[in-house]
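Accompanying notes for the structure given below.
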Amino acid sequence: MSGLFQRYRTMPLRSRLALLVASAVALAVAAVAVSCWLLTRSQLREQMDASLRSLNVGTPYLADTMSPCRDTHSSPNDETAPGTTTVFVQVVQADGTRCVGRGSTPVVVQGADLQVSQGIREQTLHDGETDDGQSVRVLTQVQGNLTVSLARPLSEVDTPLNKLALLLAAAAGIGVLGAGAAGLWVARTGLRPVDELTAAVEHVARTEDLNLRIPAEGDDEIARLSRSFNSMTASLASSRDLQQQLIADAGHELRTPLTSLRTNIELLARSEETGRAIPPDDRKALLASVTAQMTELAALIGDLQELSRTDAGQSGKVQVVALHEIVRAALERARLRGPELTFAADLAPWYVRAEPAGLERAIVNILDNAVKFGPPGSTVEVALKDGALTVRDHGPGIPADELPHVFDRFWRSPSARSLPGSGLGLSIVARTVRQSGGEVALWPAEDEGGGTVATVRLPGAPTPPPATTA
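In our numbering, each number is its position in the sequence shown, counted from 1, plus 139.
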């Protein structure tokens, strides 16, 4: 049994579907055929029993049967009982002997027949057989002062039943064959979309062509699977494009500081090789430039690592953190970077679920932008209320045509290209905030004083959740 099941599991899906359809139709046809045969058999037997009950053998015939009281087969030339056809008549006596009527075949007397002749039962209806083994249906009942047994051959029922069984078997065989063919057709038609999807997957695996799309029509499971496949390939294609763009942009951004760094180092090396000393002030400027360029490279590489970590979802452990405490820590770092600025903070308690280090990095990046563009002596306003963190500076602001690009990777405003930075800070902010279930926006301040307003909204609560105990 287990071997058959294992063999079934290794069959192709199309063959399994065809086999299931054929099996289901075969069971249905078999059930209908057996039910039809049993119903017909019951009806024929009921008709035979009714015909036996309706027979009435005349008294003269019974008197003639008793006069010679034959216990064996009567002469073939003897007349049958009046009004009967193919009915065997015999009289059963209380001692078990029998008197066979003219033209009748003797039937074996059973115990039920004796009970009727002895007055124990009024009548009995049962299957029996003749002396020569022919199956008959026997009705034994009292008629007058005699116990009469009437019998009809069961061949009258069995012969049409056998023909009906052959007909039903032939119909069932044709039905099973037709069901198998229909099952193959249904499986081939129903699995055609699956074959197309399989071919598409194999094509993508073979060629890495992520632009392939499968037509998805309707709302059935195959259409949903096709749409999911199209969505998956679109996401993979977008991810690959982003990776290629990241590599290209990173190469472009790294080329400038590396070129400058190489030029300065070559100048220093040539000075050592030729023995021509560089003036102390120029040498000091070159070393300062090398240090600044190395710092810029280190910051750019760190930003790239942070961005790739965020893209891959490889953030640290997510936990409940106090957003107001993180903002307060980020403010301390911002004050060190912008000692000429004033920071006005109004922080209401707010607890969120996030990765602490990544969230603090994002807040620091927002404050760094405010420090970078805030004019000396100005105020950076920081407020946290109902989960909305607002940071406003009083710098030159952002032109309206540049707002759609502020969260793009490596994008820098023309007015900010002379300032230090990699163009990845706000991109990291956007990724971190969105992964924490929040949203971030940047727009120019509308009231007097100008500047830029950055808003970060994170879902959370003003109080920490209750601590759980093990």
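Glycine included, each C-beta is placed from N, C-alpha and C at the ideal position.
For Q257, there is no enclosing alpha helix (DSSP H), as DSSP marks it with neither H nor E.
H533 is not bridged by DSSP to any residue.
Each of I259, V231, A593, A321 was checked against the Cα of V277, and the nearest Cα belongs to V231.
Under the three-state reduction of DSSP, G513 is assigned to coil, being neither helix nor strand. Taking each of N504, S154, G526, P514 in turn and checking the Cα distance to A320, the smallest one comes out for S154.
The C-beta of C238 has 16 or more other C-beta atoms within 10 Å across all chains shown, which makes the residue buried. Per DSSP, T286 is one residue of the beta strand (DSSP E) stretching across 285-292.
In the three-state scheme derived from DSSP, where H, G and I count as helix and E and B as strand, A373 is classed as helix. One Cα belongs to A484, the other to L528, and the distance between them is close to 11 Å. DSSP places E520 inside the beta strand (DSSP E), whose first and last residues are 518-524. When C-alpha distances from I505 are compared across P514, A569, K524, the shortest belongs to A569.
Residue V287 holds the alpha-carbon nearest to the alpha-carbon of T236 among L480, V287, A202. Membership of E578 in the beta strand (DSSP E) is indicated by the continuous run 578-583.
Residue R241 holds the alpha-carbon nearest to the alpha-carbon of G197 among R241, R394, L156, D188. Assigned with DSSP and collapsed to three states, S243 falls in coil, not helix or strand.
DSSP, read as helix, strand or coil, puts L480 in coil.
Excluding sequence positions up to five before and after L470, its CB lies within less than 8 Å of the CB of F482, A484, L506, V521, all in the same chain and listed in chain order. Assigned with DSSP and collapsed to three states, S274 falls in strand. Closest in C-alpha terms to L462, from the list P598, A344, D420, comes P598. In this structure, G497 keeps its C-beta atom at 7 Å or more from the C-beta atom of R596.
The three-state reading of DSSP puts D485 in strand, counting E and B together.
DSSP lists V230 as the bridge partner or partners of C238. In the DSSP annotation of this structure, the continuous segment of the beta strand (DSSP E) that includes A461 starts and ends at 458-461. DSSP places E341 in the helix class (H, G or I) of the three-state scheme. Counting only the Cα atoms, A355 lies some 42 Å from A593.
Three or more Cβ pairs closer than 8 Å define a contact, and the segment 185-194 falls short of that threshold against the segment 343-360. If you compare the alpha carbons of M371, A165, I404, R531 with that of L316, the shortest gap goes to A165.
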